[in-house]
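Anchor point for the sequence shown: position 225 equals 225 in UniProt numbering, and the numbering is continuous, going up by one each time.
The C-beta atom is built at its ideal place from N, Cα and C for all residues, glycine as well.
Bear in mind the structure is a predicted one, so any value in this text is a computation, not a measurement.
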Amino acid sequence: MVKLRIIIEANSLRKHSPWFEHPEKPERIKYIIDGIKKNGLTDYVELVNHSYNEKEVLHVLERVHCRNYIEYIMKCRNNAPCEIDPDTYFSETSYELAMETFDLSYKTGLSIREQEKIFLVIRPPGHHAGRCGKAFNASTLGFCIFNNAAAAVLGFKDRGFNRVAILDIDVHHGNGAQEIFYKNKDVLHIDIHRNPHDFYPFTGFPEDIGIGKGRGYSANFIVLPHTGDDSYVQIVDYAFKLIQLYGPEALVVSAGFDGYKNDGLADLDLSQYSYYYIGWKLSKIDVPVIIVLEGGYSLGLIEGIPAFLNGLLSIEKQYGKTITNNKTSSYNLMIAEKIFNTITKLWRQRHE
Ligand SMILES: [Zn+2]
Numbered sequence: 001m002v003k004l005r006i007i008i009e010a011n012s013l014r015k016h017s018p019w020f021e022h023p024e025k026p027e028r029i030k031y032i033i034d035g036i037k038k039n040g041l042t043d044y045v046e047l048v049n050h051s052y053n054e055k056e057v058l059h060v061l062e063r064v065h066c067r068n069y070i071e072y073i074m075k076c077r078n079n080a081p082c083e084i085d086p087d088t089y090f091s092e093t094s095y096e097l098a099m100e101t102f103d104l105s106y107k108t109g110l111s112i113r114e115q116e117k118i119f120l121v122i123r124p125p126g127h128h129a130g131r132c133g134k135a136f137n138a139s140t141l142g143f144c145i146f147n148n149a150a151a152a153v154l155g156f157k158d159r160g161f162n163r164v165a166i167l168d169i170d171v172h173h174g175n176g177a178q179e180i181f182y183k184n185k186d187v188l189h190i191d192i193h194r195n196p197h198d199f200y201p202f203t204g205f206p207e208d209i210g211i212g213k214g215r216g217y218s219a220n221f222i223v224l225p226h227t228g229d230d231s232y233v234q235i236v237d238y239a240f241k242l243i244q245l246y247g248p249e250a251l252v253v254s255a256g257f258d259g260y261k262n263d264g265l266a267d268l269d270l271s272q273y274s275y276y277y278i279g280w281k282l283s284k285i286d287v288p289v290i291i292v293l294e295g296g297y298s299l300g301l302i303e304g305i306p307a308f309l310n311g312l313l314s315i316e317k318q319y320g321k322t323i324t325n326n327k328t329s330s331y332n333l334m335i336a337e338k339i340f341n342t343i344t345k346l347w348r349q350r351h352e
């Protein structure tokens, strides 16, 4: 039986608020709550006001981000409201919420119980925030300030877990988290995202598989525009096979719902079926799982998240109208098989 907790950070409903039209706004959390209510899942929700000790958080932050970047963000606090880059705004309360969210992610890694799966409904997202800000020479921070997934990984590490996996299902490449752990073999980073050739952040190609000791511990599965559920769920299967072979002691999911059809910022055609399927696959994982919210701006939150949660709870549901696209599936699956074979071959060689 899955023990699911949905932790909603109350401050994310009002803090870090844009003063102009921007998709990453507090209303996102309202959309999620509405979807949860409509689907009768409120029993799993906890609304928390997480308080943090600044000194303590800075100590952990320095293990994820470089000092210059942290100091830069602290300076932004004095200049707020301002725009860090063309994508990323910084309001008077952005620093507080980013700190709170980062700390909550870290502490959840420290304290989650063996059988639990915790969905952290948090803002701002974090997976584009690299070690010193923009990761792998990306053009912007893509709405992110601090890397929450990396914080959750550190929480797991600090309680003695040696091997942790990250699965990033946001439609954009999680370049920040991948960069932070690119040289590590004790953190497997798997990312399923839109082909970055012509899509933000223009990083995360299939040939990027990590360097040094980390070679073979980054996997970038890419999908074409208008990818439907048919090939997407098969790629999800490849990702879970890698996780199973790696055998992590804990899993962090960077959960973006912006691949949902007509969510707004991307061009995939995923339906509720794909998100239900990912949730259902996660329900079979028998290590602690922390799910951190990344992207998702409208329908992905309202319809995609309830489907994901139903899957996570192993609730029988039929999502009949799946979307198929024969034009994209053969390419997507050809690349996926290649990545899977390259990575597993490297792992076999290391064990020989
Ligand atoms: Zn995204």
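Within its own chain, the residues whose Cβ lies closer than 8 Å to the Cβ of I235, once the five positions on either side in sequence are excluded, are I192, F221, V223, N332, L333, A336, listed in chain order. When secondary structure is reduced to three states using DSSP, D158 falls in the helix class. If you keep only unbroken beta strand (DSSP E) runs of at least 3 residues inside the segment 109–159, you get 116–121.
The distance from the Cβ of I211 to that of K241 is about 23 Å, inconsistent with a contact at the 8 Å cut-off. As the crow flies, the alpha-carbon of Y217 is around 10 Å from that of I166. The three-state secondary structure of I235, taken from DSSP, is helix. With respect to the C-alpha of H65, the residue from D34, G160, G176, D269 having the closest C-alpha is G176. Looking at Y72, D267, I243, the one whose alpha-carbon comes closest to that of R131 is Y72.
Cβ contact annotation for L104 (same chain, cutoff 7 Å, sequence separation greater than five): E9, H50, L120, I122, in chain order. Look at D186 here: in three-state DSSP terms it is coil, with no helix or strand label. Under the DSSP assignment, I323 falls outside any beta strand (DSSP E); it carries neither an H nor an E label. A distance of 8 Å or more separates the beta carbons of G109 and A80.
Distance from P124 to L154 at the Cβ level is roughly 18 Å; contact not present, criterion being Cβ atoms closer than 8 Å. For D198, the three-state secondary structure derived from DSSP is helix.
Taking the Cβ atoms as the reference, P288 lies roughly 6 Å from E114, within the contact range of under 8 Å.
Rounded to the nearest whole angstrom, the CA to CA distance from V60 to S330 is 43 Å.
Residue pairing by DSSP puts V292 in a beta bridge opposite L120, S254. Shortest gap from the CB of H189 to any heavy atom of ligand 1: 7 Å or more. When distances are taken from the beta-carbon of D170 to the heavy atoms of ligand 1, the shortest one is below 7 Å.
When Cβ pairs closer than 8 Å are counted between the two stretches, the segment 262–279 is seen not to touch the segment 139–146, the count staying below three. Going by beta carbons, L293 and Y260 fall outside the 8 Å limit.
In the three-state DSSP reduction, E337 falls in the helix class (H, G or I).
Cβ neighbours of K15 within its own chain (closer than 7 Å, five residues either side excluded): T93, E96, L97.
Annotation for D168: the continuous beta strand (DSSP E) segment containing it runs 164–168.
In this chain, the alpha helix (DSSP H) harbouring K38 covers 27–38. Taking a 10 Å sphere around the C-beta of E24, we find 16 or more other C-beta atoms and assign the residue as buried. Around the CB of K117, 16 or more other CB atoms lie within 10 Å, so the residue is classed as buried.
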